[in-house]
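Structure first, then comments.
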Amino acid sequence: MEEEVIKIRELCCTYNTHIALEKVNLDVKKGEFIAVMGPNGGGKTTLLRAIAGMIKPLKGYVKVKGNISYMPQRENINFRIPVKVKDVVMMSIISKTKKFSIVSKIKNEEINSVYWALKVVDMDDYMNKPFTELSGGQQQRVLLARAIATNPDILLLDEPFNGVDLPTQEKIIKILKDLSKKGTTIITVVHNVSPLIHYISRIALLNKKLVAYGKPEEVLTPENTTKVYGIPIPTSVCEEGYIHPLFGDIHG
Ligand SMILES: Nc1ncnc2c1ncn2[C@@H]1O[C@H](COP(=O)(O)OP(=O)(O)OP(=O)(O)O)[C@@H](O)[C@H]1O
Ligand SMILES: [Mg+2]
50 MEEEVIKIRE LCCTYNTHIA LEKVNLDVKK GEFIAVMGPN GGGKTTLLRA
100 IAGMIKPLKG YVKVKGNISY MPQRENINFR IPVKVKDVVM MSIISKTKKF
150 SIVSKIKNEE INSVYWALKV VDMDDYMNKP FTELSGGQQQ RVLLARAIAT
200 NPDILLLDEP FNGVDLPTQE KIIKILKDLS KKGTTIITVV HNVSPLIHYI
250 SRIALLNKKL VAYGKPEEVL TPENTTKVYG IPIPTSVCEE GYIHPLFGDI
300 HG
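For the sequence shown, this note's numbering assigns the number 50 to the initial residue and increments by one for each residue that follows.
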């Protein structure tokens with residue numbers, strides 16, 4: 050049996066008095082590809098932040114094995130100073146490797162990782178541009194480059210397809226598929242799981258509590274989707290036997 054790399058027990062997270070996560074229990078095995086779904090305000094970003102160790106739980110715990118990269122939801126980041134694209138990516142490498150050193154001499158291999166990661170997302174031509182001058186989708190790609198540049202064991206992504214065009218979405222999916230094949234554990238928040246349905250191992254359906262966690266066909270039942278979204282999400286089964294949520298056809 051594959052080892053667990055994330056173990057979450059009775060996790061409760063709050064912002065002041067507001068409860069964002071309540072008694073969440075979740076295990077993730079090495080190399081799994083997990084989609085986290087749920088309504089706006091359902092606690093998805095909070096869950097990723099708790100896994101990344103960015104917020105302290107009120108109760109319960111998160112145990113993690115391996116190094117983690119976190120790609121934030123684009124709406125939640127704000128670079129006030131004009132940082133160059135290559136520096137946005139480099140920042141992740143420096144913060145991971147140079148945490149305790151005062152003198153930080155950047156090595157060639159680190160510059161290579163930055164270049165490699167930007168090339169993977171097709172943004173190497175924009176290395177010297179200010180990050181704030183990029184379009185939304187281009188910023189999203191740079192944030193993905195930043196997340197993969199450190200070669201993480203566990204990759205956390207918050208809505209990576211938000212605002213990106215369809216060819217870029219395909220490209221990101223291919224990157225994730227390749228990383229997943231190489232054994233990277235991936236947890237991604239998505240509103241529409243259809244483009245990933247062939248690659249994910251499990252779906253976590255979250256609305257403050259973990260309402261369901263398992264294979265897509267076990268999780269995306271009318272009962273579960275009604276519980277979290279207030280309406281059932283219709284699904285169909287494709288020829289290969291995969292279940293597909295029909296998100297664009299909710300009222301059809
Ligand atoms: N910094 C904060 N201060 C106070 N409340 C917060 C903060 N961040 C999130 N919340 C609240 O916690 C709850 C969960 O928020 P979270 O961002 O985790 O939801 P989400 O599932 O990621 O939503 P979305 O789909 O809109 O991104 C929401 O009710 C939100 O209002
Ligand atoms: Mg969110």
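The beta carbon of each residue, even a glycine, is placed where N, CA and C say it ideally should be.
(message) Taking the alpha-carbon of Glu-66 as reference, which of Leu-107, Val-163, Val-239 and Lys-168 has the nearest alpha-carbon?
(response) The residue you asked about is not Glu; residue 66 is Thr in the sequence shown. The shortest CA-to-CA distance from Thr-66 to any of Leu-107, Val-163, Val-239 and Lys-168 is the one to Leu-107.
(request) Taking the CB atoms as reference points, tell me whether Leu-269 and Asn-74 lie closer together than 8 Å. (result) No; because the gap between Cβ atoms is not below 8 Å, this pair is not in contact.
(request) State buried or exposed for Cys-177, treating a residue as buried only when at least 16 other CB atoms are found within 10 Å of its CB. (result) The amino acid at residue 177 is misidentified as Cys; the sequence shows Asn. Answer is exposed; the Cβ neighbour count stays below 16.
(request) Within its chain, find whatever has a CB closer than 8 Å to the CB of Gln-122; leave out the 5 residues flanking it on each side and keep chain order. (result) For Gln-122, where only same-chain residues beyond five positions count, the Cβ hits under 8 Å are Thr-94, Asp-207, Glu-208, Asn-211 and Val-238.
(request) Check whether the Cβ of Val-134 sits closer than 7 Å to any heavy atom of ligand 2, and report yes or no. (result) Result no, Cβ not under 7 Å from ligand 2.
(message) Closer than 7 Å between the C-beta and any heavy atom of ligand 2: which residues qualify, listed along the chain?
(response) Here the list is Lys-93, Thr-94, Gln-122, Asp-207, Glu-208 and Val-238.
(message) I need the boundaries of the alpha helix (DSSP H) containing Ser-118, first residue and last residue.
(response) No alpha helix (DSSP H) contains Ser-118, which is instead part of the beta strand (DSSP E) from 117–120.
(request) Within 10 angstroms of the Cβ of Val-152, are there 16 or more other Cβ atoms? Answer buried if so, exposed if not. (result) Only weak support is given to the placement of Val-152: the predicted model assigns it a pLDDT of 48, under 50, and the question is left unresolved by the model.
(request) Please find out if some non-hydrogen atom of ligand 1 comes closer than 7 Å to the beta-carbon of His-67. (result) For ligand 1, at least one heavy atom lies less than 7 Å from the Cβ of His-67.
(request) In the DSSP assignment, find the beta strand (DSSP E) that holds Glu-71 and state where it starts and stops. (result) Following the DSSP letters along the chain, one finds Glu-71 inside the beta strand (DSSP E) bounded by residues 67–78.
(request) Assign Ile-304 to buried or exposed, taking buried as 16 or more other Cβ atoms, counted over all protein chains shown, within 10 Å of its Cβ. (result) There is no way to answer for residue 304, as the model of the chain reaches only from 50 to 301.
(message) Suppose contacts are defined by Cβ-Cβ distances below 8 Å. Is Asp-202 in contact with Gly-115 by that definition?
(response) Yes; because the gap between Cβ atoms is below 8 Å, this pair is in contact.
(request) Pick out whichever of Ile-222, Val-85 and Cys-61 has its Cα sitting closest to the Cα of Lys-105. (result) Residue nearest to Lys-105 within the set Ile-222, Val-85 and Cys-61 is Cys-61 (criterion: CA-CA distance).
(message) Taking DSSP's pairing of strands, which residues face Ile-249 in a bridge?
(response) Under DSSP, Ile-249 shares a beta bridge with no residue.
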